[in-house]
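Number of protein chains: 2
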Amino acid sequence: MNSTIKDVARKANVSIATVSRILNNKTGFSEKTKIKVLRAIEELGYQPNALARGLINKNTQTIGVLIPTVSNMFSYEILSGIEKHANDLGYSVIVCNTADDGERTINYLQVLSEKRVDGIIIVSEFIREEYYKILTDMNVPVVLVSSISFQFPIPYAKVDDRHAAFSATDYLIKKGHTKIAMIAGNTSDPIAGLPRIEGYRAAHHSHGLPVNDDFIIDCRTFTHTAGMEAMEEILQKKLDVTAIFASSDELAAGAMSVAYRKGIKIPDQLSIIGYDNTKLAEMLIPSLTTVAQPLYDMGIVAATMLFEMKETGEVTQTQSRIMNHCIVERETVRSLL
Amino acid sequence: MNSTIKDVARKANVSIATVSRILNNKTGFSEKTKIKVLRAIEELGYQPNALARGLINKNTQTIGVLIPTVSNMFSYEILSGIEKHANDLGYSVIVCNTADDGERTINYLQVLSEKRVDGIIIVSEFIREEYYKILTDMNVPVVLVSSISFQFPIPYAKVDDRHAAFSATDYLIKKGHTKIAMIAGNTSDPIAGLPRIEGYRAAHHSHGLPVNDDFIIDCRTFTHTAGMEAMEEILQKKLDVTAIFASSDELAAGAMSVAYRKGIKIPDQLSIIGYDNTKLAEMLIPSLTTVAQPLYDMGIVAATMLFEMKETGEVTQTQSRIMNHCIVERETVRSLL
DNA sequence: TTGTAGGCGTTATCAA
DNA sequence: TTGATAACGCCTACAA
Chain A
817 MNSTIKDVAR
827 KANVSIATVS
837 RILNNKTGFS
847 EKTKIKVLRA
857 IEELGYQPNA
867 LARGLINKNT
877 QTIGVLIPTV
887 SNMFSYEILS
897 GIEKHANDLG
907 YSVIVCNTAD
917 DGERTINYLQ
927 VLSEKRVDGI
937 IIVSEFIREE
947 YYKILTDMNV
957 PVVLVSSISF
967 QFPIPYAKVD
977 DRHAAFSATD
987 YLIKKGHTKI
997 AMIAGNTSDP
1007 IAGLPRIEGY
1017 RAAHHSHGLP
1027 VNDDFIIDCR
1037 TFTHTAGMEA
1047 MEEILQKKLD
1057 VTAIFASSDE
1067 LAAGAMSVAY
1077 RKGIKIPDQL
1087 SIIGYDNTKL
1097 AEMLIPSLTT
1107 VAQPLYDMGI
1117 VAATMLFEMK
1127 ETGEVTQTQS
1137 RIMNHCIVER
1147 ETVRSLL
Chain B
817 MNSTIKDVAR
827 KANVSIATVS
837 RILNNKTGFS
847 EKTKIKVLRA
857 IEELGYQPNA
867 LARGLINKNT
877 QTIGVLIPTV
887 SNMFSYEILS
897 GIEKHANDLG
907 YSVIVCNTAD
917 DGERTINYLQ
927 VLSEKRVDGI
937 IIVSEFIREE
947 YYKILTDMNV
957 PVVLVSSISF
967 QFPIPYAKVD
977 DRHAAFSATD
987 YLIKKGHTKI
997 AMIAGNTSDP
1007 IAGLPRIEGY
1017 RAAHHSHGLP
1027 VNDDFIIDCR
1037 TFTHTAGMEA
1047 MEEILQKKLD
1057 VTAIFASSDE
1067 LAAGAMSVAY
1077 RKGIKIPDQL
1087 SIIGYDNTKL
1097 AEMLIPSLTT
1107 VAQPLYDMGI
1117 VAATMLFEMK
1127 ETGEVTQTQS
1137 RIMNHCIVER
1147 ETVRSLL
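In order, the protein sequence lines correspond to chains A and B. Going by the numbering used here, the first residue of the first sequence is number 817, and it counts up by one from there. Going by the numbering used here, the first residue of the second sequence is number 817, and it counts up by one from there.
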């Protein structure tokens, strides 16, 4: 058990060089010795040692994926896309849950660096200067998913949040809604928060509709609980709205659950549209109309970009990808027309 | 960038042995040289190479986690517990989505073996003989979560499915329900399927209630869609039931959604209890009463067991853990009393 | 307290 | 077609 190339060589009566050649199917050995060696490998149950290989080849066939939170289905659908594509190409992925904690993130980056991963994918995380420093020192490809850095030139794969939020709001307006609240998630988040609010505003403008700032609810996160609180607030303030645009499916779900408790019928009395199209959206009752991000595909694309960069040796740059979003119509939006 | 211990040694005017000693804080160097070396490390931005270390120490500080499917929130809550504990102890985790595919699983096992991971955790997966062979050849600790092997002596952390299903059914009966259907998931699954049916039966027996086999619906999976189909079947067969016990939260959610479409009020006209207590349960509307598995903790415990085994060198055995389950009462069960 | 040298399991460059 | 042998970056006796 755990025999080495040396054992194989001895057993097959050849040199380790020959074994190595056969293992990596290079040229330079006869069919006869190949058979001998293969049999020895078989009999010993020999498995090449990836550590030794990596040490000399300077490549580990593994990548690291940083993920901020677990609470949301969201990250894991992306992760699953990454994992799929990586595995198909013979790479393993190390998951790193940063828990939105800077120290933990830096620690993880350090670990990935020591383990000499071949690349790093960062899921919806803001890139701090300290991260970027470590990242550049590592000199491996990095790509962002569902995130973007304005400070640093890191390629990304994401939907256009502003545009997607515009689409969602526009959709509601075209259904006849004019009094639309927005449950905005974290409004100070420059990546997933602000642009969506802009999109919400822009849609109003494009239809010549005014925007009432009171209608924009700031929760500091994108969670179910935050959605509940936001809905409470809307009710308490007695905002006169016929529809809600929520910045995430979880927020929408939270809002729906308090609406249900208060006896507000969705979509009869109140329409709601979410954002993400996680599995949750289709499991909610009624099922949630939402603007879909192609989460799984984003993972695939990010991985594709990463390996592209690795191939070309272009560690610094590649073409970022704006992924298509679309409205998935289900049961939570009623037409007023 | 990517300097070696040699560079550090040269820069600090000492031998690599000394640097190594300081790095691993062993004994045998003066404070003065320590400072010199530390500065050199700092200036060079030196990072130890985990590959080289692993090669010589025969340990990689990484473990592998096999997960069957992504569709369910379930696995990821467990994963997240594992990841947390592993990271706290300085280990990384490689995620392996086996997609319930034997070939893929074997391939992954091979990869983990070549990468010389220090241990493997397998989440709710049936252990085939081929897996076990590779596993034993690897000679590293293995633990099962939310699974068990009757054929092979692998320690596990799981709830007692039979008991948990008993509790769920018993709970319904004590609320006055006597006509209870079971949406059983995969009934030919000896781990998560059968025992739960037994529990369902046992609860009936213990109350002197008869079991109608027609009331046990076999779907072949534990997914949302399967839950919908099962509910359709219940309705179509016009089963005369007042409550349903579903073998997973997703199944319950699926059932609830078709009930909603058919205008059946939950819990007024029909009670339902789920199984797992994933995040989904609390987000459903109405929120789902369910029997909780401590998913996150199961991950933690599994990791704990794994590292225990590694410490003691007892690769073959450790005490398995039966995790406590409990009923989480929410809004989907109505008392008939 | 410090340094030399051998070895961990590979691959790759020479000669043969 | 083959086989020594020097790396890869580190740890660890053993000497000094």
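Positions of the beta carbon are idealized from the N, C-alpha and C atoms, including for glycine. Just so it is clear, the structure is predicted and the values come from calculations on it, not from any experiment.
Check	Outcome
Over the uninterrupted alpha helix (DSSP H) stretch that includes A1068/A, give me the two end residues.	D1065 to R1077
Can you pull the DSSP bridge partners for M1115/B?	The residue you asked about is not Met; residue 1115/B is Gly in the sequence shown. Beta-bridge pairing links G1115/B to no other residue.
Quick one: give me the first and last residue of the beta strand (DSSP E) that S1087/A is part of.	S1087 to D1092
State whether the region 1108-1117 of chain B contacts the region 912-922 of chain B, with contact taken as three or more CB pairs (one from each stretch) at a distance under 8 Å.	no
Please name the residues in the region 915-942 of chain A whose beta-carbon is closer than 9 Å to at least one beta-carbon of chain B, in chain order.	A915, R920, N923, Y924, Q926, V927, L928, S929, E930, K931 and R932
Quick one: Cα of T820/B to Cα of L860/B, how far?	9 Å
Would you say K827/A reaches chain B, if we count a Cβ-Cβ gap shorter than 9 Å as a contact?	no
So I922/A is in the alpha helix (DSSP H); what residue range does that whole segment cover?	G918 to E930
Taking 9 Å as the threshold (beta carbon to beta carbon), is N840/A in contact with chain B?	no
Below 8 Å on the Cβ atoms is my contact criterion, and I expect M1047/B with A1075/B to pass it. Report the Cβ-Cβ distance as a whole number of Å.	6 Å
Any beta carbon from chain A within less than 9 Å of D953/B's own beta carbon?	yes
How many Å lie between E945/B and L882/B at the Cα?	16 Å
From what residue to what residue does the alpha helix (DSSP H) around T834/B run?	I832 to L839
With distances taken from CA atoms, which of G935/A, K1078/A, V1027/A and F1031/A is nearest V1131/A?	G935/A
Say whether chain B places a C-beta atom closer than 9 Å to the C-beta of S908/A.	yes
Measure the CB-CB distance between D1092/B and S1064/B and report whether it falls below 9 Å.	yes
Measuring CA to CA, which of G906/A, L895/A, I898/A and Y947/A is closest to D1215/A?	Nothing can be reported for residue 1215/A: it is not among the residues displayed for chain A, which extend from 817 to 1153.
Per DSSP, what kind of secondary structure is F1123/A in: helix, strand or coil?	helix
Unbroken alpha helix (DSSP H) runs of length 4 or more, entirely within the region 839-874 of chain A: which are they?	847-860 and 866-873
Leaving aside the five residues before and after H979/B along the sequence, list all residues of the same chain whose C-beta is less than 8 Å from its C-beta, in chain order.	G1015 and H1141
One question on the structure: do V933/B and V956/B come within less than 9 Å of each other, judged by their Cβ atoms?	yes
Candidates N829/A, V927/A and S929/A: which alpha carbon is nearest R855/A's?	N829/A
Could you tell me whether any non-hydrogen atom of the ligand GDP is closer than 8 Å to the CB of L895/B?	The ligand GDP is not among the ligands present in this structure, which contains no ligands whatsoever.
Taking DSSP as the reference, what is the three-state secondary structure of R1137/A?	strand
Is the distance from the Cβ of S962/B to the Cβ of F890/B below 9 Å?	yes
Which stretch, first to last residue, makes up the alpha helix (DSSP H) that contains D1034/A?	Here D1034/A belongs to no alpha helix (DSSP H); instead the beta strand (DSSP E) covers I1032 to C1035.
Take E1166/A and list the residues in its own chain whose beta-carbon comes closer than 7 Å to its own, dropping the five residues that flank it on each side.	Absent from the structure is residue 1166/A, since the part of chain A shown begins at 817 and ends at 1153.
How would you call L1152/A, buried or exposed, if buried means at least 16 neighbouring beta carbons within 10 angstroms?	exposed
Please classify Q1166/B: is it buried, with 16 or more other beta-carbons within 10 angstroms of its beta-carbon, or exposed?	Lying outside 817 to 1153, the shown extent of chain B, residue 1166/B is not represented and no answer is given.
What first and last residue would you give for the beta strand (DSSP E) that runs through S908/B?	S908 to N913
Report back the beta-carbon spacing between A780/A and P1011/A to the nearest angstrom; my notes put them in contact at under 8 Å.	The requested residue 780/A is not part of the displayed model; chain A covers only 817 to 1153.
Any beta carbon from chain A within less than 9 Å of C1142/B's own beta carbon?	no
Starting from the Cα of T994/B, find the closest Cα among S1004/B, D977/B, L1055/B and M1044/B and give me that residue.	L1055/B
For the region 1062-1080 of chain B, which residues have a beta carbon sitting closer than 8 Å to at least one beta carbon of chain A?	E1066, A1069, G1070, M1072, S1073 and Y1076
Please check if any C-beta of chain A sits within less than 9 Å of the C-beta of P864/B.	yes
Give the straight-line distance between the Cα atoms of E1124/B and I989/A, rounded to the nearest whole angstrom.	59 Å
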